[in-house]
Amino acid sequence: MEGRETPFAPHLLGLINPGLVIAGNIVGGPAAAMGAVWMLGIGPVLDRVLGTRSRSQLRPASGRPFRGLLYVHTALHVCAILALVRLGTLGEDPLYLLAAAVSTGICSGVSGIIVAHELGHTRPKSLSAKLARLNMLLVLYGHFTEEHNITHHKHVATATDPASADAGESVWGFVARTVPRQFRDAYALHAKRGVGVWRNRVVRIVVVELALVGGLLALDAGAGLAFLGQAAVAVFLLEYINYVQHYGLRRKEGERQSKMHSWQSERRWSCWTLFNLSLHPAHHLKASEGWWDLQPYEGAPDMPSGYYGCFWPALLSPLWKRWMAARLADMPATAN
């Protein structure tokens, strides 16, 4: 039986998080933790109880509302950052300011980074690409887009790609390894083009980021530290997702990339609120397609849960390794 078009309305649920974060940053006090509680406390439960999406869904007739949602999230991301900086200048209790930074960082990880990931797969001079760079600048990770598009997509599931985790590697070790290597690779991409140090785009990005942080610290130490905190949380969430997306999956030398080199989850809550990012094999094999057109692949490696449900187990390395060992053991030899 032919299915219905992919519905747009459920994806509006992703707006709850930035709404809670902005409200919490405006109100202050215990309310500043609302975003973190929603995403890391309630999110994993919803990932479990809402089950998986229907595989009979058809591509939507128009992608315009889905693309428009990316711009809405970008605007809310900027508002959340501004509200956090304002809260930092008001002399908020350090504990509540920390809660606000964590909540805002989670918002930045989704409404900022995941949105930038989608907008970044466009022409470099387009409005979408410029908004992607803005989103990444606000988490002090401006080198990400080009490194991701060029290095990660080309070398995924190989030792050359710093964003592909090895089997048995902890998320903590992975983050410590991948962050400096991605920065190094991004710098090298431009250096290979023969540009001087001061014309290297990565160097220019770092100068702008340092100026932004310096300006905020000069404005108010609390505001500057809160901004740094949210950026750190956002980057950690990005690399956590990188960690689970390709954990333990490897290509042999000369082997073409296939659906077997990315983990997939069809959990509704992850798909609805994270722009179908968990349909990751489809993204790698059809990177130019909009997130609303991505479809699951039959027989692709199946994650034990969605990105919400995998978060806490991934932080507990022994549990995560045991959890994934059985799944890797069942994989074809060509995929690990």
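Converting from the sequence shown to my numbering requires adding 140 to each position, the first position being numbered 1. The beta-carbon is built from N, C-alpha and C at its ideal position, and this holds for glycine as well.
Does the Cβ-Cβ distance between residue i and residue j come in under 8 Å?
i: C411; j: S418; result: yes
i: Q370; j: A241; result: yes
i: M179; j: I221; result: no
i: G282; j: I381; result: no
i: G249; j: L359; result: no
i: S251; j: L216; result: yes
i: V347; j: L368; result: no
i: E145; j: A201; result: yes
i: F415; j: I254; result: yes
i: G169; j: N157; result: no
i: L459; j: G388; result: no
i: M464; j: P441; result: no
i: A297; j: R207; result: no
i: A374; j: V279; result: yes
i: T318; j: A299; result: no
i: L160; j: T413; result: no
i: A466; j: Y383; result: no
For residue i and residue j, which I take to be in contact (beta-carbon distance under 8 Å), what is that distance rounded to the nearest angstrom?
i: E349; j: L259; result: Their Cβ separation, rounded to whole angstroms, is 19 Å, which puts E349 and L259 out of contact at 8 Å.
i: R408; j: L235; result: With a Cβ gap of about 34 Å, R408 and L235 do not count as contacting.
i: G355; j: K461; result: Not really, about 43 Å apart at Cβ, beyond 8 Å.
i: K399; j: G439; result: 7 Å
i: G181; j: A171; result: In fact, because the Cβ distance is near 15 Å, the residues do not count as touching under 8 Å.
Could you check whether the Cβ of residue i sits closer than 8 Å to any Cβ belonging to chain B?
i: V337; result: The chain inventory of the structure shown lacks chain B, comprising one protein chain alone.
Comparing alpha-carbon positions, which option in the options lies nearest residue i?
i: S329; options: F314, Q404, Q435, F284; result: The question names Ser, yet the displayed sequence has Leu at residue 329. The option with the nearest alpha carbon to L329 is F284.
i: H423; options: W460, Q385, C450, G449; result: Q385
i: P320; options: G334, D301, C219, V335; result: D301
i: P205; options: L357, H151, G439, T229; result: H151
i: I290; options: H261, F148, R391; result: H261
i: A173; options: R188, T229, A239; result: A239
i: V315; options: H293, L280, A372; result: A372
i: R188; options: S405, V218, P421; result: S405
i: V218; options: Y383, N275, L227; result: N275
i: K294; options: G159, P184, E393, F148; result: E393
i: G449; options: G203, D233, V185, Y437; result: V185
i: R396; options: L425, Y437, L160; result: L425
i: L357; options: V167, L160, G228, V177; result: G228
i: D233; options: E286, V337, V167; result: V167
i: G203; options: A256, E287, A149; result: A149
i: E287; options: G183, L237, V342; result: V342
i: V311; options: H257, R339, F376, V337; result: F376
Let's see if you can read the secondary structure: which residues bound the alpha helix (DSSP H) around residue i?
i: R333; result: Segment: none, R333 is in no alpha helix (DSSP H) and carries neither H nor E.
i: L372; result: In the sequence on display, residue 372 carries Ala and not Leu. Note, A372: alpha helix (DSSP H), 361-386.
i: V296; result: First-last for V296: undefined, no H or E at that position.
i: A307; result: Unbroken run through A307: none, as it is neither H nor E.
i: K392; result: Segment: none, K392 is in no alpha helix (DSSP H) and carries neither H nor E.
i: G208; result: 204-229
i: P184; result: 183-189
i: S457; result: 457-469
i: W178; result: That residue, W178, is in no alpha helix (DSSP H); it is neither H nor E in DSSP.
i: C450; result: Element bounds for C450: n/a, residue is neither H nor E.
i: S418; result: Unbroken run through S418: none, as it is neither H nor E.
i: K270; result: 267-277
i: V250; result: V250 -> no alpha helix (DSSP H), and no H or E assigned at all.
i: A256; result: 255-259
i: G159; result: 156-167
Could you check if residue i belongs to the surroundings of the ligand PLP, using beta carbon to heavy atom distance under 7 Å?
i: V161; result: Of the ligands one can find in the structure shown there are none, so the ligand PLP has no counterpart to examine.
The stretch 207-215 in contact with the stretch 439-450 per 3-pair CB rule at 8 Å: Under the three-pair Cβ rule at 8 Å, the stretch 207-215 does not count as touching the stretch 439-450.
Segment contact flag, the stretch 355-367 with the stretch 263-272, C-beta cutoff 8 Å, min 3 pairs: Result no; under three Cβ-Cβ pairs closer than 8 Å.
Segment contact, 8 Å Cβ cut-off, at least three pairs: the stretch 454-471 with the stretch 196-205: Flag = no, the stretch 454-471 and the stretch 196-205 do not touch.
Segment contact, 8 Å Cβ cut-off, at least three pairs: the stretch 415-430 with the stretch 319-336: No, the stretch 415-430 does not touch the stretch 319-336.
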